[in-house]
Each structure stands twice: as structure tokens, then as C-alpha cells.
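Undergrad: Sharing a structure below in C-alpha cells format, with a few things to ask.
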Amino acid sequence: MPVYYPISAFEKISAEAPYHALTNAGHITYVEMDGDPCENLDAFEKVIREMKESGIGYGSVNHPVDRDPVCGFTGIIGDQCPGCGRREDDVPFERIRRITGYLVGTLDRFNNAKRAEERDRVKHSV
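Numbering (my numbering) for the sequence shown: 19 to 144.
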């Protein structure tokens, strides 16, 4: 499924699941969430259970993890830290994302194609 294709988490799981049984050399289904899964554990659990019930052999839920190194706030940070109100000026926020299976804090070392993949990803609604 292309990373930019607008589809719900459950539709994506349903579309990709049949191929897991056919690809014994490796397979993974990623679901992109736009928020902190701890803020909606029921939705997170539904996604995981749907993966299991659909026959997803290897599944993962991607979600943003940010940290303000100044005040220590960990969570999702937009332009301003919810913990202290600081903006990302002199000291950048740490932003962890999964790219090609790796958890990274910056895209600096990735080629243009991987940067485009991360930029083009859509969030899958639950």
C-alpha cells in the first residue's frame, strides 16, 4: 500500500493481511497514528486486535514521540512545548520517527527518497 494512500487503519490491515500468508521471507504492516496511543488505549487495542484477527504476521503502529531537552516534556510537540511553552529556537526538540524500520531522531542521514516517504505518509484513521 503506498504510504500516501488515504485509507483507514482497518482498511489497510484488511487489504494487506492476505499477503502475509504468501510472503514467508518477510512482511510487515505499518499503521500510522497521528497521536499518542496512550491517550486512546481502546483505539490502539482495536488496531492490534484487528491485526491479530486478520492474520497480520508482523505489524507495527507508528506514532510520533517528541521530547523537549530543556524541560524534559515527552509527548507530541507541535511548534510549542506543552510542558513549558518554549518554542524550538536555539535548542531543537528531539523528534523520534520510524523510517524503514529504524527509529530515528533526524532525517539528515537519509536520502531524498526516504525523506519524501516520511513527508508523504498519511495518518490512518481508527
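All residues carry an ideal CB built from backbone N, CA and C; glycine is no exception.
For residue 122, which residues from the same chain have a beta carbon less than 8 Å from its beta carbon, with the 5 sequence-adjacent residues on both sides left out?
TA: Excluding sequence neighbours, residue 122 sits near 114, 115, 116 and 128.
Undergrad: State the Cα-Cα distance for the pair residue 96 and residue 36, rounded to the nearest angstrom.
TA: Taking the straight line joining both Cα atoms gives about 37 Å.
Undergrad: According to DSSP, simplified to helix, strand and coil, what is residue 65?
TA: Of the three classes helix, strand and coil, the one that applies to residue 65 here is helix, per DSSP.
Undergrad: Whole angstroms is fine: what's the gap from residue 134's alpha carbon to residue 49's?
TA: Distance between the alpha carbons of residue 134 and residue 49: 18 Å.
Undergrad: Measure the C-alpha to C-alpha separation of residue 138 and residue 21 and round it to an integer number of angstroms.
TA: Residue 138 and residue 21: Cα-Cα distance of roughly 7 Å.
Undergrad: Starting from the C-beta of residue 87, find all residues in its chain whose C-beta is less than 7 Å away, skip the five residues before and the five after it, and write them out in chain order.
TA: Closer than 7 Å at Cβ, skipping near neighbours: 109 and 112.
Undergrad: Where does residue 121 fall in DSSP's three states?
TA: Three-state DSSP puts residue 121 in a strand.
Undergrad: What are the boundary residues of the beta strand (DSSP E) that includes residue 84?
TA: Per DSSP, residue 84 belongs to the beta strand (DSSP E) from 83–85.
Undergrad: How do the segment 61–80 and the segment 90–107 stand: do at least 3 beta-carbon pairs fall below 8 Å, yes or no?
TA: The answer is no - the segment 90–107 does not touch the segment 61–80, with fewer than three Cβ pairs under 8 Å.
Undergrad: Which residue marks the beginning of the beta strand (DSSP E) containing residue 80, and which one marks its end?
TA: Counting along the chain, the beta strand (DSSP E) containing residue 80 begins and ends at 77–80.
Undergrad: Among the residues of its own chain, which have a CB less than 8 Å from the CB of residue 26, if the five just before and after it don't count?
TA: Cβ neighbours of residue 26 beyond the five flanking positions: 142, 143 and 144.
Undergrad: DSSP beta-bridge partners for residue 49?
TA: The partner list for residue 49 (beta bridge, DSSP) reads 79.
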